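Report on the structure given below.
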């Protein structure tokens with residue numbers, strides 16, 4: 001867990017190491033990280049927003065010889081495929097995974113309840129909005145599939161959310177990631193990205209807590 005936190009906070013330097021070590025395999029590695037974040041159901045803690053930002057910032061730097069077009073394509077496909085797999089897992093097994101001795105350690109009932117509450121408040125649009133919220137974006141396809149939702153209803157919202165997410169994160173990294181002030185305070189930028197993305201969930205949890213008192 002300590003390494004994961006360090007990887008997230010210093011993702012720019014870790015990506016440099018990955019690029020220097022694996023070369024063109026970097027594209028596949030980053031694709032798999034984004035795919036697994038939602039597709040594996042139990043991996044909501046993997047970096048998403050900050051990874052896109054950092055990778056596209058590197059693509060804007062000619063020293064790394066990375067192709068922004070390839071990144072954008074892969075970062076569009078990975079969430080769509082991951083969310084689709086997650087949806088069908090939820091559709092097949094539902095909440096029974098939370099009762100499993102192994103999967104229950106990662107798939108928390110409270111996370112599912114929070115995602116269900118998010119759906120109740122925002123309806124189908126929650127699928128798109130969830131793409132910008134860590135943990136909830138992993139639970140969202142699973143909960144929607146497990147609740148009997150239709151894939152043809154799920155997919156358009158998934159596509160819209162993914163397109164907006166990739167445009168914002170990749171565009172921000174590509175156009176602003178190499179500014180000196182951003183490079184010098186990259187860890188703070190990452191914390192800011194995480195904080196902003198978690199803010200709606202925190203506000204929702206606080207509202208739910210105080211509404212019961």
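Residue numbers (the UniProt record's numbering): 1 to 213.
Backbone N, C-alpha and C fix where the C-beta goes; we use that ideal spot for every residue, glycine too.
The model shown is predicted, which means the values in this text are computed figures rather than measured ones.
Check your understanding: With DSSP run on the structure shown, which of helix, strand or coil describes residue 178?
Key -> coil
Check your understanding: Using a Cβ-Cβ cut-off of 8 Å (strictly less than) and excluding sequence neighbours within five positions of residue 122, which residues of its own chain qualify?
Key -> 129
Check your understanding: How many Å lie between residue 145 and residue 186 at the Cα?
Key -> 37 Å
Exercise for review: Would you mind reading off the limits of the alpha helix (DSSP H) that contains residue 34?
Suggested key: Where residue 34 is concerned, the enclosing alpha helix (DSSP H) stretches over 25-39.
**Study point:** Distance cut-off 7 Å: residue 51 Cβ against heavy atoms of the ligand GTP
**Key:** Questions concerning the ligand GTP fall outside what the structure shown contains, since it holds no ligand whatsoever.
Exercise for review: Indicate the three-state DSSP secondary structure (helix, strand or coil) for residue 133 in the structure shown.
Suggested key: It is coil, neither helix nor strand.
Exercise for review: Take the Cβ of residue 133 as the centre, count every other Cβ of all protein chains shown within 10 Å, and call the residue buried at 16 or more, exposed below.
Suggested key: Within 10 angstroms of the beta-carbon of residue 133 lie 16 or more other beta-carbons, which makes it buried.
Exercise for review: Grab me the residues of residue 35's own chain with a C-beta within less than 7 Å of its C-beta, minus the 5 sequence neighbours each way, in chain order.
Suggested key: 78, 81, 82
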